[in-house]
Amino acid sequence: QLTQGGSEEDASPVCAETAEISSKKTATLVCVASKGFPSDWSLSWKVDGSSRSQESSAGLLEKDGLYSWSSSLTLSEQEWMESVSVSCEATRSGQPALTAHVTRQQCSE
């Protein structure tokens with residue numbers, strides 16, 4: 001959980017099934033942002049400081065009346081193993097961006 005503007009907001013990267021790395025030779029990473037309103041969140045990825053294109057979901061209405069979004073990024077096994085920094089950046093309505101970093105250690109099990 002990350003903090004933005006004095007309140008807690010969710011914007012966290014998680015790893016998809018790690019079996020994909022061995023069977024498909026790719027690593028799929030997913031970033032989730034929640035507790036927003038329609039069109040509130042913009043999600044983007046950076047690999048070693050360079051922006052990367054990604055798929056983002058439409059906002060999903062949660063039980064609390066707020067929305068959540070997700071974005072996925074697929075890297076080749078070589079790119080995943082050689083990358084120094086992979087991060088998801090969540091921007092909400094012009095406020096400072098939240099950045100969540102993904103490490104191989106998070107995805108190794």
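full-length UniProt numbering numbers the first residue of the sequence shown as 1 and each following residue consecutively.
The C-beta atom is built at its ideal place from N, Cα and C for all residues, glycine as well.
As the structure is a prediction and not an experimental result, all values here were calculated from the model.
Query raised in the report: Are there 16 or more other CB atoms within 10 angstroms of the CB of A97, so buried, or fewer, so exposed?
Result: Locating residue 97 in the sequence shown gives position 97, counting from the first residue. Exposed, because fewer than 16 other Cβ atoms sit within 10 Å of the Cβ of A97.
Query raised in the report: Where does residue 110 sit, in a helix, a strand or coil, going by DSSP?
Result: The shown model of the chain, from 1 to 109, leaves out residue 110, and the question about it has no answer.
Query raised in the report: Does the separation of the CB atoms of S42 and T91 fall below 8 Å?
Result: Along the sequence shown, read from residue 1 onward, the residue named residue 42 stands at position 42. Along the sequence shown, read from residue 1 onward, the residue named residue 91 stands at position 91. Yes.
Requested in this report: Can you give me the start and stop residues for the beta strand (DSSP E) that residue 110 sits inside?
Outcome: Shown here, the chain extends from 1 to 109; a query on residue 110 therefore has no answer.
**Report entry** Cβ-based burial, S44 [other Cβ within 10 Å; buried from 16]
**Finding:** For the purposes of this step, residue 44 is taken as residue 44 along the sequence shown, with counting starting at 1. With 16 or more Cβ atoms within 10 Å of its Cβ, S44 is classed as buried.
Report task. Starting from the Cα of S68, find the closest Cα among S85, S34, M81, K25 and give me that residue. Result -> By 1-based counting over the sequence shown, the position of residue 68 is 68. Minimum Cα distance to S68 is reached at S34.
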